[in-house]
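Everything on this sheet refers to the single structure shown next.
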Amino acid sequence: MESTVNPKAYPLADVQLTMGILDIIQHSTNYKQLKKGANEAMNTLNRGISEFVVMAADTEPLEILLHLPLLGEDKAASMSASADSVAPEGKETMEAKAIRRQ
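Residue numbers (the working numbering): 45 to 146.
Structure representation (structure tokens):
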């Protein structure tokens, strides 16, 4: 299955930043600070407990994620879109992940 990046995905991370993001996701998974899915990401943003939200730029349809950057801007959370599906190797793919504050 070929993944294509939607041009609406913003802000889009480059390859080097994507590798760093995947490393952060792996560490946050180990510390049980990760929330997966668009709804969970939105809930943590609304509660003010998200520090960083990562979105997969190849999500279909991308419109289910387009409200997250605006919400993150309001709640002062960092946002990034990754060109690859956002999942550590061997794990299931999710369209959005939120890393919680402690």
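Even glycine gets a Cβ: it sits at the ideal position worked out from N, Cα and C.
- Here the C-alpha atom of Arg-144 lies approximately 11 Å from the C-alpha atom of Ile-69.
- For Glu-95, the enclosing beta strand (DSSP E) covers residues 94-100.
- Contact check for Ser-126 and Thr-62: beta-carbon distance about 5 Å, within the 8 Å limit, so the pair qualifies.
- Listed in chain order, the non-local C-beta contacts of Ile-93 below 6 Å within the same chain comprise Arg-144 and Arg-145, local neighbours out to five positions each way being set aside.
- At a Cβ-Cβ threshold of 8 Å, Val-49 and Asp-118 do not count as neighbours.
- For Arg-145, no beta strand (DSSP E) encloses it, and the DSSP letter there is neither H nor E.
- Distance check between Pro-51 and each of Ala-140, Glu-104 and Leu-114 places Glu-104 closest, using alpha-carbon atoms only.
- Following the DSSP letters along the chain, one finds Ala-125 inside the beta strand (DSSP E) bounded by residues 122-126.
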